[in-house]
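Novice: First the structure, then my questions, so here it is.
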Amino acid sequence: MSQSLLVVHVHVHVKPEHVESFREATLVNARQSVKEPGIARFDVIQDTEDRTRFVLVEVYRTAQAPAAHKETAHYLAWRDTVAPMMAAPRTSQKYLNCFPDDAGW
(Lines of atoms letter the chains of each structure in order from A and count residues from 1; the text may use other names and numbers.)
(Lines give C-alpha, C1' and ligand atoms only; values in the text may rest on other atoms or scores of the structure.)
Protein backbone atom coordinates (compact mmCIF):
# COMPACT_ATOMS: atom_id res chain seq x y z
CA MET A 1 0.00 0.00 0.00
CA SER A 2 1.49 3.34 -1.01
CA GLN A 3 1.81 6.15 1.46
CA SER A 4 -0.02 9.38 0.78
CA LEU A 5 1.13 11.48 3.72
CA LEU A 6 3.44 14.37 2.97
CA VAL A 7 5.79 15.38 5.78
CA VAL A 8 7.28 18.87 5.63
CA HIS A 9 10.10 20.10 7.86
CA VAL A 10 10.20 23.89 8.04
CA HIS A 11 13.45 25.24 9.46
CA VAL A 12 13.27 28.65 11.11
CA HIS A 13 16.05 30.78 12.56
CA VAL A 14 14.65 33.54 14.79
CA LYS A 15 16.34 36.72 16.01
CA PRO A 16 17.31 36.20 19.68
CA GLU A 17 15.12 39.04 20.93
CA HIS A 18 12.05 37.47 19.29
CA VAL A 19 12.34 33.85 20.43
CA GLU A 20 9.48 33.96 22.94
CA SER A 21 7.19 36.00 20.69
CA PHE A 22 7.88 33.65 17.77
CA ARG A 23 7.22 30.62 19.95
CA GLU A 24 3.90 32.03 21.19
CA ALA A 25 2.70 33.02 17.70
CA THR A 26 3.75 29.66 16.28
CA LEU A 27 1.92 27.72 18.98
CA VAL A 28 -1.27 29.67 18.21
CA ASN A 29 -0.88 28.73 14.53
CA ALA A 30 -0.11 25.09 15.35
CA ARG A 31 -3.14 24.73 17.63
CA GLN A 32 -5.40 25.97 14.82
CA SER A 33 -3.58 23.99 12.13
CA VAL A 34 -4.21 20.60 13.77
CA LYS A 35 -7.95 21.33 13.47
CA GLU A 36 -7.69 21.38 9.66
CA PRO A 37 -8.99 18.16 8.06
CA GLY A 38 -5.93 17.94 5.79
CA ILE A 39 -3.39 18.03 8.62
CA ALA A 40 -2.50 14.88 10.56
CA ARG A 41 0.15 16.53 12.78
CA PHE A 42 1.72 19.91 13.27
CA ASP A 43 4.66 19.77 15.66
CA VAL A 44 6.71 22.73 16.85
CA ILE A 45 10.16 21.80 18.12
CA GLN A 46 12.96 24.01 19.43
CA ASP A 47 16.69 23.31 19.33
CA THR A 48 18.08 22.50 22.79
CA GLU A 49 21.48 24.08 22.12
CA ASP A 50 20.44 27.08 20.00
CA ARG A 51 17.09 28.35 21.24
CA THR A 52 16.75 30.61 18.17
CA ARG A 53 16.26 27.59 15.90
CA PHE A 54 12.93 25.86 15.41
CA VAL A 55 11.61 23.11 13.18
CA LEU A 56 7.94 22.82 12.29
CA VAL A 57 7.04 19.24 11.42
CA GLU A 58 3.88 19.39 9.34
CA VAL A 59 2.16 16.17 8.25
CA TYR A 60 -0.41 16.56 5.48
CA ARG A 61 -2.99 13.96 4.47
CA THR A 62 -3.04 14.94 0.78
CA ALA A 63 -0.88 16.75 -1.76
CA GLN A 64 -3.46 19.56 -1.82
CA ALA A 65 -3.52 20.12 1.94
CA PRO A 66 -0.42 22.37 2.14
CA ALA A 67 -1.95 24.86 -0.31
CA ALA A 68 -5.23 24.82 1.61
CA HIS A 69 -3.32 25.43 4.85
CA LYS A 70 -1.61 28.47 3.35
CA GLU A 71 -5.03 30.02 2.63
CA THR A 72 -6.26 29.86 6.25
CA ALA A 73 -6.62 32.99 8.36
CA HIS A 74 -4.41 31.55 11.11
CA TYR A 75 -1.56 30.78 8.70
CA LEU A 76 -1.75 34.21 7.07
CA ALA A 77 -1.74 35.89 10.49
CA TRP A 78 1.23 33.77 11.59
CA ARG A 79 3.17 34.47 8.39
CA ASP A 80 2.74 38.22 8.70
CA THR A 81 3.40 38.27 12.45
CA VAL A 82 6.62 36.26 12.41
CA ALA A 83 8.19 37.58 9.18
CA PRO A 84 10.09 40.41 10.93
CA MET A 85 11.19 38.03 13.71
CA MET A 86 13.26 35.79 11.45
CA ALA A 87 17.05 36.03 11.29
CA ALA A 88 16.98 34.37 7.85
CA PRO A 89 14.26 33.24 5.44
CA ARG A 90 12.67 29.97 6.54
CA THR A 91 13.41 26.88 4.48
CA SER A 92 11.49 23.66 4.01
CA GLN A 93 12.11 20.12 2.92
CA LYS A 94 9.39 17.68 1.84
CA TYR A 95 9.39 13.98 2.68
CA LEU A 96 7.18 10.99 1.99
CA ASN A 97 5.98 9.05 5.01
CA CYS A 98 7.47 5.57 5.39
CA PHE A 99 6.61 4.59 8.99
CA PRO A 100 4.26 4.37 10.72
CA ASP A 101 1.82 3.67 7.94
CA ASP A 102 -0.67 6.42 7.21
CA ALA A 103 -3.28 4.92 9.54
CA GLY A 104 -0.79 5.29 12.41
CA TRP A 105 -0.95 9.08 12.22
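1 is the number of the first residue of the sequence shown in the UniProt record's numbering; add one for each residue after it.
Glycine residues also receive a C-beta, built at the ideal position from the N, C-alpha and C atoms.
If you're wondering where the values come from, they're calculated on a predicted model, not measured in any experiment.
Can you tell me whether Ser33 is buried or exposed? The criterion is at least 16 other CB atoms within 10 Å of its CB, across all chains shown.
Specialist: Label assigned to Ser33: buried.
Novice: Cutting at 6 Å between CB atoms, please list the residues of its own chain near Cys98, excluding the five before and the five after it.
Specialist: None.
Novice: Determine the closest residue to His11 out of Phe54, Gln46, His69, with distance taken between C-alpha atoms.
Specialist: That would be Phe54, whose Cα lies nearest to the Cα of His11.
Novice: So within the UniProt domain "ABM" (6-94), which uninterrupted beta strand (DSSP E) runs reach at least 3 residues, ignoring any that extend past its ends?
Specialist: As far as the UniProt domain "ABM" (6-94) is concerned, its whole beta strand (DSSP E) runs of at least 3 residues are 6-13, 39-46, 53-60.
Novice: Are the CB atoms of Ile39 and His69 nearer to each other than 8 Å?
Specialist: Their beta carbons are under 8 Å apart, which means Ile39 touches His69 by this criterion.
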